[in-house]
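Undergrad:
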């Protein structure tokens, strides 16, 4: 069933797989991360970079890389004196320009709004954290459980919570200029997807409904402007 | 999962029932809607079928359902309202929708006020619903989508000898089909005398110049999965899509956190792969 068609051509076999909607539970090798939730998993060149998360009262600041080709985990070891983000959960991450951009989350005692990059398009031993200094005074308040979606060079952050209050504001972080742009309040969600220029937020938000909303935007000379939400 | 908000009296007009398989799937109690969100590829354009011997048309359809097309609040329009395929019950009328995005020009035809919930967009029963000369009660629900709908409807209704022009008269918006006049005979024998609002275009409340999303892709439906399935619930996990395979790691349930890895092949991009073998 896995392989429906097999064509022999010289020394190559070509497979056309029609398997769909199939679950599998693969065996993986290497240094498997501990039980973890509320982490981020970012795809970088067929490798999944897992950062942060936690279990129970424990919060992580570790980075693991899963090679999806060889199905092997590897923990990334950083120099002891290298700067790195604090432990956190419920943060978000996007991959842009060879770096994983991490925003926000919470460390168990407070919510965060710092931005970090992890150089990821390199061998594991050369991965490096760097704190991003945001230009200007505008910054989203500290938060976790938000969503972040990369649309071109913009990291769109929607909603979230600081543990007391649920937010519904939208922030665009220009990763090229490292500055935030605030947008008017429109909605929030826990999960999101982006396709080309359109961003779809799928609830449920903490205080709203579960209605899918689509957020379109256009760019003019790097300036983000919201054309509309429609819901 | 709510199907729509009910913060308006107009919401009471809806007749959606909650379904297990699809939160936004319309379900008609008499079974006139079967698998609403799904469309066969052959239904890429309007397909309006009028039962043999039926004298109904767009006009009679509109008359049958009355005019409940105006003065509805802004808000959400669930995709079910615009993509459902509804068989016309005993009348044999079937109105289906074109798929894919529509041209921006359609946005200019937006009505002033719009519904907030799924129920708003469902043809519903209203005044005089209990018969009223239609004879079919609430057995019929019609959902019409825009696109080439108007032209198609006009064409088809011309063939039936009745004008679709009337359906766009009065307060009816281009998004809706509805008519407040009566059948020449005073009745529409194959349609209920229920009030209904039939929307031709999905709402884009804030858009004037944007393409309409392919709402056919915006339905929830339960996937027919198979294979070695996860044996525990999970939340706060991560899902990373590698090609068409979702790599799912971690998460937790009421028992604690997990460190296992699951793969789910979406099959979204069935493609050729090659395996190099060495000779000898």
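Residue numbers (this note's numbering), protein chains in the order written: chain A, 50 to 280; chain B, 935 to 1214. We put the CB at the ideal spot given by N, CA and C, even for glycine.
#1: DSSP state of residue 1120 of chain B, grouped into three classes?
#2: How would you label residue 1199 of chain B, buried or exposed, when you count the other beta carbons within 10 angstroms and need 16 or more for buried?
#3: Consult DSSP for residue 104 of chain A and reduce its assignment to one of helix, strand or coil.
#4: Identify, in the order they occur along the chain, each residue of the same chain with its Cβ nearer than 6 Å to the Cβ of residue 91 of chain A, setting aside the five sequence neighbours on each side.
#5: Straight-line CA distance for residue 167 of chain A to residue 130 of chain A?
#6: Cutting at 7 Å between CB atoms, please list the residues of its own chain near residue 104 of chain A, excluding the five before and the five after it.
#7: Inspect the beta-carbon positions of residue 74 of chain A and residue 1194 of chain B and report whether they are closer than 9 Å.
#8: Using a beta-carbon distance below 9 Å, is residue 178 of chain A in contact with chain B?
#9: Between A:184, A:146 and A:163, which lies nearest to residue 171 of chain A when the distance is taken from Cα to Cα?
#10: Rounded to whole angstroms, how far is the Cβ of residue 140 of chain A from the Cβ of residue 152 of chain A, which I believe are closer than 8 Å?
#11: Residue 102 of chain A and residue 1184 of chain B look like a contact to me (Cβ under 8 Å); what is the Cβ gap, rounded to whole Å?
#12: Cutting at 7 Å between CB atoms, please list the residues of its own chain near residue 1201 of chain B, excluding the five before and the five after it.
#13: When we look at the beta-carbon of residue 162 of chain A and count the other beta-carbons within 10 Å, is it buried (16 or more) or exposed?
#14: Determine which residues of the stretch 1184 to 1195 of chain B have a Cβ less than 8 Å from any Cβ of chain A, and write them out in chain order.
#15: Identify which residue in A:88, A:80 and A:122 has its Cα closest to the Cα of residue 96 of chain A.
#16: Just to confirm the assignment, what range does the beta strand (DSSP E) spanning residue 186 of chain A have?
#17: Using a cut-off of 7 Å between C-beta atoms, extract the partners of residue 1167 of chain B located in chain A.
#18: State buried or exposed for residue 159 of chain A, treating a residue as buried only when at least 16 other CB atoms are found within 10 Å of its CB.
#19: Would you kindly report the start and end of the unbroken beta strand (DSSP E) that includes residue 1172 of chain B?
#20: So with CB distances below 7 Å, who are the chain A contacts of residue 932 of chain B?
#21: Kindly indicate if chain B contains any beta-carbon less than 9 Å away from that of residue 90 of chain A.
#22: On a Cα-Cα basis, can you pick out the residue from A:88, A:201 and A:190 that is closest to residue 114 of chain A?
#23: Does the stretch 177 to 192 of chain A touch the stretch 205 to 212 of chain A, meaning 3 or more C-beta pairs lie closer than 8 Å?
#24: Buried or exposed, going by whether 16 or more other CB atoms sit within 10 Å of the CB of residue 1172 of chain B?
#25: For residue 219 of chain A, which three-state DSSP category applies?
#26: With DSSP collapsed to three states, give me the class of residue 1085 of chain B.
#27: If we ignore side chains and look at the alpha-carbon of each, how far apart do residue 221 of chain A and residue 182 of chain A end up?
#28: Comparing the C-beta of residue 1086 of chain B with each C-beta of chain A, is any distance below 9 Å?
#29: Starting from residue 303 of chain A, follow the beta strand (DSSP E) in both directions and report where the run begins and ends.
#30: Kindly indicate which three-state DSSP category residue 81 of chain A falls into: helix, strand or coil?
#31: Taking residue 110 of chain A as the reference, give the member of A:185, A:165 and A:79 with the closest Cα.
#32: Give me the residue from A:79, A:80, A:78 and A:93 with the minimum Cα distance to residue 1176 of chain B.
#33: Using the Cα positions of residue 178 of chain A and residue 200 of chain A, report the straight-line distance between them to the nearest angstrom.
#34: Given that a residue counts as buried once 16 or more other Cβ atoms are within 10 Å of its Cβ, and exposed if not, what is residue 1162 of chain B?
#35: With distances taken Cα to Cα, identify the nearest neighbour of residue 1182 of chain B among A:117, A:69 and A:78.
TA: In brief:
#1: For residue 1120 of chain B, the pLDDT reaches just 43, beneath the cut-off of 50, and the residue's location in the model is therefore unreliable, leaving the point undetermined.
#2: buried
#3: strand
#4: 98, 142, 144 and 149
#5: 16 Å
#6: 83, 84, 85 and 86
#7: yes
#8: no
#9: A:146
#10: 6 Å
#11: 7 Å
#12: 1178
#13: buried
#14: 1184, 1185, 1186, 1190, 1191, 1192, 1193, 1194 and 1195
#15: A:122
#16: Looking at the DSSP string, residue 186 of chain A is not in any beta strand (DSSP E), and its letter there is neither H nor E.
#17: Ordered by position in chain A, no residue passes the 7 Å Cβ test against residue 1167 of chain B, which lies about 12 Å from the chain.
#18: exposed
#19: 1172 to 1176
#20: For chain B, the structure presents residues 935 to 1214; residue 932 of chain B sits outside this window and is missing.
#21: yes
#22: A:88
#23: yes
#24: buried
#25: strand
#26: Unreliable positioning characterises residue 1085 of chain B in this predicted model, as indicated by a pLDDT of 41, which lies under 50. A coordinate reading is not provided.
#27: 15 Å
#28: Here the model assigns residue 1086 of chain B a pLDDT of 38, short of 50, so the residue's position is not dependable, and the following value carries that caveat. No, its Cβ sits nowhere closer than 9 Å to a Cβ of chain A.
#29: This structure cannot settle anything about residue 303 of chain A, because the visible part of chain A is limited to 50 through 280.
#30: coil
#31: A:165
#32: A:93
#33: 23 Å
#34: exposed
#35: A:117
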